[in-house]
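For the sequence shown, my numbering puts the final residue at 260, and the numbers step up evenly by one.
Quick notes on the structure that follows.
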Amino acid sequence: LEINLFNAQGNEQASFELDIDAEQMKEILYERIKRGVVNFFESLRLAFSNQQLKLHTINTIQIFLAGNSSKSPWVTELFEIEMMRVSAEMQEKGIEIDDFFTLHPCLSSDQLDKPNGKTGVAYGLIETSPDGVILVIDHNVKEEIAFKYYLGRERKKKYKLIMDRHAPYHQWLQFIDASRTDFKLFYSSTAAISTNNVRTSDPSIQLRRLRIEQTHENAHVYLRPISPSEIEYVVAHRNDIENQTYLSEIKKVSL
């Protein structure tokens, strides 16, 4: 493969040759797509959990593939595998299901009068609008944008979820005891880590090393999100945190 690259001094090196192991590249791509599909179902699980919806009250979930990447046979294959896995888990929990998931393939057409994966939603909105006029409402203008990350600790080399993306802003959550001045904060935007079975060495998980000025007996470090990508932490006793009686200064961290 010949591509144009730049060296450390910013000079372009044209037609730089790279040897590509096609089979290894396929394995890498397959695993990356698999990670995305698994993350989709974990996000779906969290959505049901946060809305306190019961799966047995829903007849079916329609999944529509869209975009050029969805045309890959790996995407369909991996979705079918995960659909079978999730369905089996539901049956083990006593939830009677029959074709609970329905997977719709990516639409593909070169004809302008037929929708594809990118235009189908837009055409659908127009067709279902009585006068053909669509009012687009950006709910982010009126509603606060949610926190971007899942925060957690390490337990036996695995990630343990402490705070999810739906945590309310400016509300303290107990994180770790204040027996050490240095501690680790693991975070990720990937929903799949919420299973508590992902190793902290997973590339989707990032690490921040944080510090308190001194240790405190019977006290804890508390965290709270203050923006989509910022948190604050402080040391306090459990009975004092709500009264804003702290043992340290509040520190802000950008993730």
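Positions of the beta carbon are idealized from the N, C-alpha and C atoms, including for glycine.
Rounded Cβ spacing between residue i and residue j (contact assumed at less than 8 Å)
{"i": "Asp-182", "j": "His-225", "result": "5 Å"}
{"i": "Arg-213", "j": "Leu-178", "result": "That belief does not hold up - the Cβ atoms of Arg-213 and Leu-178 are roughly 16 Å apart, past 8 Å."}
{"i": "Glu-235", "j": "Ser-259", "result": "5 Å"}
{"i": "Glu-87", "j": "Phe-46", "result": "5 Å"}
Residue from the options with nearest C-alpha to residue i
{"i": "Tyr-251", "options": "Leu-228, Gly-15 and Ser-77", "result": "Leu-228"}
{"i": "Glu-170", "options": "Arg-185, Ser-194 and Lys-163", "result": "The residue asked about is misnamed: residue 170 is Arg in this sequence, not Glu. With distances taken between Cα atoms, Arg-170 lies closest to Ser-194."}
{"i": "Lys-162", "options": "Phe-180, Ile-198, Val-203 and Phe-152", "result": "Val-203"}
{"i": "Val-239", "options": "Glu-47, Asn-16 and Gln-219", "result": "Gln-219"}
{"i": "Ser-209", "options": "Ala-13, Asp-26, Gly-41 and Gly-15", "result": "Gly-41"}
Simplified DSSP assignment, three categories, for residue i
{"i": "Ile-231", "result": "strand"}
{"i": "Ser-22", "result": "The residue asked about is misnamed: residue 22 is Glu in this sequence, not Ser. Looking at Glu-22 - three-state DSSP - the assignment turns out to be strand."}
{"i": "Leu-252", "result": "coil"}
{"i": "Ser-206", "result": "coil"}
{"i": "Glu-32", "result": "helix"}
{"i": "Arg-213", "result": "strand"}
{"i": "Ile-150", "result": "coil"}
Segment limits, alpha helix (DSSP H) that includes residue i
{"i": "Glu-82", "result": "78 to 97"}
Local Cβ density within 10 Å of residue i, reported as buried at 16 or more and exposed below that
{"i": "Thr-205", "result": "buried"}
{"i": "Gly-157", "result": "buried"}
{"i": "Ala-241", "result": "buried"}
Residue range of the unbroken beta strand (DSSP E) whose run includes residue i
{"i": "Phe-180", "result": "178 to 182"}
{"i": "Glu-218", "result": "Per DSSP, Glu-218 belongs to no beta strand (DSSP E) and is neither H nor E."}
{"i": "Tyr-155", "result": "155 to 160"}
{"i": "Gln-264", "result": "A query on residue 264 cannot be resolved here, the shown segment of the chain reaching from 6 to 260 and no further."}
{"i": "Tyr-192", "result": "187 to 193"}
{"i": "Ile-198", "result": "Where Ile-198 is concerned, there is no enclosing beta strand (DSSP E), given that its DSSP letter is neither H nor E."}
{"i": "Phe-106", "result": "106 to 109"}
{"i": "Ile-66", "result": "66 to 69"}
{"i": "Tyr-164", "result": "163 to 168"}
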